[in-house]
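All residue numbers for the sequence shown refer to my numbering, where the first residue is 77 and numbers rise by one. The beta carbon of each residue, even a glycine, is placed where N, CA and C say it ideally should be. Please read the structure below before turning to the comments.
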Amino acid sequence: MHEPKTPANPSRKAMARVKNPLPVPTECRFCHSGVHVATHQEVYGRDYSDWPYMYLCGDCGACVGMHPFTNIPLGTLADKATRDARKNCKKPFEAVWRSGLMSRTEAYAWLAAELNIPVDECHFGWFDISQCEAAKRACLSISAERTA
């Protein structure tokens with residue numbers, strides 16, 4: 077009988093699917109306190125997926141989700157301001173590739189070039205606030221050029 081999958085017992089198949097894994101956070105990048113595994117239930121009052129696990133700083137509340145059925149973080153720990161910045165730049169980016177101007181893969185390559193970062197580091201969950209703002213400006217600018 078198989079043990080249930082948890083962050084302490086992740087799926088080997090799911091772990092292998094993650095192409096560019098970040099290390100498990102052990103210290104908060106904002107307040108330097110310890111980070112622990114929590115659930116959506118603990119943080120939000122209900123679970124939002126089949127894999128409701130996340131990393132959470134118990135002191136300042138910075139958090140990040142996990143790739144499904146792994147213990148690999150989806151990005152870097154984010155405080156509320158960083159989470160808001162990430163949400164605010166994602167829609168303009170999606171508008172770029174959903175418009176047909178370029179494919180999603182091409183859009184990530186374009187954005188990486190605009191931000192002067194390697195394409196394999198171009199993940200919204202890895203961005204800090206200034207990168208989010210730069211990404212949003214670039215996406216709004218190319219969208220405006222297209223409609224002008």
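Simplified DSSP state of residue 110, which is helix, strand or coil: For the purposes of this step, residue 110 is identified with residue 34 of the sequence shown, where counting begins at 1. Three-state result, residue 110: strand.
Pairwise C-alpha distance: residue 180 and residue 186: In the sequence shown, the residue the question calls residue 186 occupies position 110. In the sequence shown, the residue the question calls residue 180 occupies position 104. In a straight line, the C-alpha of residue 186 is about 10 angstroms away from that of residue 180.
Span separating the alpha-carbon of residue 91 from that of residue 206: For the purposes of this step, residue 91 is taken as residue 15 along the sequence shown, with counting starting at 1. For the purposes of this step, residue 206 is taken as residue 130 along the sequence shown, with counting starting at 1. Going from the Cα of residue 91 to the Cα of residue 206 covers about 30 angstroms.
Pick from 122, 143, 138 that is closest to residue 94, judged by C-alpha positions: Within the sequence shown, residue 94 is the residue found at index 18, counting from 1. Checked all of 122, 143, 138; the closest Cα to residue 94 is 143.
Under the three-state DSSP convention, the category residue 158 falls into: Indexing the sequence shown from 1 puts residue 158 at position 82. Correct three-state label for residue 158: helix.
The segment 117-125 contacting the segment 161-178, beta-carbon criterion three pairs below 8 angstroms: No, the segment 117-125 is not in contact with the segment 161-178.
Three or more C-beta pairs below 8 angstroms linking the segment 156-171 and the segment 110-118: no
Cutoff 8 angstroms; reference residue 100; Cβ partners in own chain excluding five residues on either side: The count along the sequence shown starts at 1 and reaches residue 100 at position 24. The residues are 131, 147, 148, 149.
From 165, 163, 127, 104, residue whose alpha carbon lies closest to that of residue 290: Past the boundaries of the shown model lies residue 290; the chain is included only from 77 to 224, so the question cannot be answered.
Alpha helix (DSSP H) segment containing residue 120, residue limits: The residue labelled residue 120 in the question sits at position 44 within the sequence shown. Start and end: 116-120.
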